[in-house]
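Going by UniProt numbering, the residue at position 86 of the sequence shown is 86; the numbering climbs one at a time, nothing skipped. Since the structure comes first, as structure tokens, the remarks are kept for the end.
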Amino acid sequence: MQQPVVRVGEWLVTPSINQISRNGRQLTLEPRLIDLLVFFAQHSGEVLSRDELIDNVWKRSIVTNHVVTQSISELRKSLKDNDEDSPVYIATVPKRGYKLMVPVIWYSEEEGEEIMLSSPPPIPEAVPDTDSPSHSLNIQNTATPPEQSPVKSKRFTTFWVWFFFLLSLGICVALVAFSSLDTRLPMSKSRILLNPRDIDINMVNKSCNSWSSPYQLSYAIGVGDLVATSLNTFSTFMVHDKINYNIDEPSSSGKTLSIAFVNQRQYRAQQCFMSVKLVDNADGSTMLDKRYVITNGNQLAIQNDLLQSLSKALNQPWPQRMQEMLQQILPHRGALLTNFYQAHDYLLHGDDKSLNRASELLGEIVQSSPELPTREQKSIS
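Right, here's the structure in full:
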């Protein structure tokens, strides 16, 4: 059923399509403004308070007086349509409310259809005949368009609330991520105060292809442990044995002793070298650089040469007591020294199989060196 059409002043109001028109010009208003204008037309000449407008126009909605004032201001602006000669459509009655000041003409449904089809609509010249029942004011039967404004406004507000909430959440996550990165960067870039009396022992390459890997690693671990024990016991240096230390972290040690097994061509053949290098971490200078070719009989000679070279590089003479102790506890032959360090490596593992293997190797060393137990007993006594 077509909703009634009403003429308010010069404007023809069509509630069914939320439109007002005059002289061929058509404006589409928000549903709440159309509802407000129709309610004024239904009470033409009456003073309507804000509470009456809220109860009848904003049904089932909670609004404030400010919303009513803003809506009336928008409706006045639309009715004036930038026409300086336009009459005052809605007047403000101080301390009472608002009043529609222009004549109102209501049309029947059939007349409304004819008027909407005609273009432009005629401008009324006189007040309608009050005797005609078709022109009578029928407030009870006036159809009110569905209230769409609160729903649209609510959806629009909800969308922007969620949008800004998610945007703020994303910004917070980004700030936390950047702050965590900023806190980690100084760890790697900050200058660390180095202690010139501290030495780190590291393993760079653990094997060569020309010599079986377990013996290489056991020999390197044994030599590194011997150097660390000797310096920690008989000098003022503090040595940190990191050959089996897998954590990479900043160090405050002033010097680094690196042991590496490298393949290098010598006399037209590939040869495995044990490279030992002592570096001053303060300026990057090399204090010691030695390369040894390990055979089955020169392990003891390499160990003694390395200890003497470290003594000169560190300006740290070895006391006589240390030399006597090494003579008592270490085998005097290179092959037995290799077995000794391998047994030492098995003892560090600590499991049953490794301990049994260490016991077997130490037994072989004792059998091959009958004088060794006697020296151990003298050392204990």
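Every residue gets a Cβ at the ideal spot worked out from N, C-alpha and C, and that includes glycine.
Residue from the options with nearest C-alpha to residue i
i	options	result
R50	V38, V67, Q42	V67
M325	E10, S230, V279	S230
V276	M287, I259, G9	I259
I105	V262, E52, G9	G9
N263	Q271, E360, N202	Q271
R7	E30, R32, P31, F39	F39
M274	S311, T286, Y292, Q316	Y292
D289	N298, G297, Q308, V93	Q308
T28	H43, K77, V47, G45	K77
P196	D35, W160, L314	L314
L217	S71, S16, Y346, S359	Y346
P331	Q367, T233, K312	Q367
L79	R22, H43, G97	R22
S235	Q320, T64, C172, K242	Q320
Q328	D351, A301, S369, T295	S369
G24	N18, S71, W11	W11
A91	S108, D81, T69	T69
I192	S251, D241, S311	S251
G297	P103, R333, S354	R333
T233	Q316, Q26, I171	Q316
residue 382	S285, L194, V227	No answer is possible for residue 382: the residues shown for the chain start at 1 and end at 381.
I54	N65, D352, Q299	N65
F261	Y215, H344, W160	Y215
G284	K59, V88, K255	K255
First through last residue of the alpha helix (DSSP H) which encompasses residue i
i	result
M101	Taken as a continuous stretch (DSSP letters only), M101 belongs to no alpha helix (DSSP H), as it is neither H nor E.
V366	352-368
H66	65-80
D83	It is not in any alpha helix (DSSP H) - D83 carries neither H nor E in the DSSP assignment.
R50	50-57
R7	No alpha helix (DSSP H) holds R7; the beta strand (DSSP E) holding it covers 5-8.
R333	First-last for R333: undefined, no H or E at that position.
Buried or exposed by the 16-neighbour rule on C-beta atoms within 10 Å, applied to residue i
i	result
S166	Sequence check: residue 166 is Leu here, not Ser. Counting Cβ neighbours within 10 Å, L166 comes out exposed, since fewer than 16 surround it.
A220	buried
Y245	exposed
D131	Residue placement at D131 is poorly supported in this model, since its pLDDT is 42, which falls under 50; the coordinates are not used for a value here.
T338	buried
P15	buried
K95	exposed
I243	buried
S71	buried
A177	exposed
L348	exposed
V93	exposed
residue 410	Outside the shown range of the chain, which is 1 to 381, sits residue 410, and nothing can be said about it.
N82	exposed
Y323	The question names Tyr, yet the displayed sequence has Gln at residue 323. Q323 should be labelled exposed.
V204	exposed
N18	buried
N169	The question names Asn, but residue 169 is Leu in the sequence shown. L169 should be labelled exposed.
I302	buried
V13	buried
I171	exposed
D241	buried
Segment limits, beta strand (DSSP E) that includes residue i
i	result
I20	19-22
I90	90-93
I199	195-203
R25	25-28
L12	11-14
R32	Run containing R32: none in the beta strand (DSSP E); it sits in the alpha helix (DSSP H), 31-42.
Contact belief for residue i with residue j at Cβ below 8 Å, rounded distance in angstroms
i	j	result
L33	E84	Incorrect: roughly 22 Å between the Cβ atoms, too far for contact.
I201	G224	5 Å
V57	L36	5 Å
L100	A41	7 Å
residue 387	L257	Here the chain comprises residues numbered 1 to 381, so residue 387 is not present and cannot be evaluated.
L336	I365	5 Å
F164	I199	Their Cβ separation, rounded to whole angstroms, is 59 Å, which puts F164 and I199 out of contact at 8 Å.
V47	G97	5 Å
L355	Q342	At roughly 13 Å, the Cβ-Cβ gap does not stay under 8 Å, so L355 and Q342 are not in contact.
N281	S253	7 Å
Complete runs of the beta strand (DSSP E) confined to the region 284-315 [at least 3 residues]: 286-293
Can you list the alpha helix (DSSP H) stretches of 4 or more residues lying completely in the region 213-268, in chain order? 213-234
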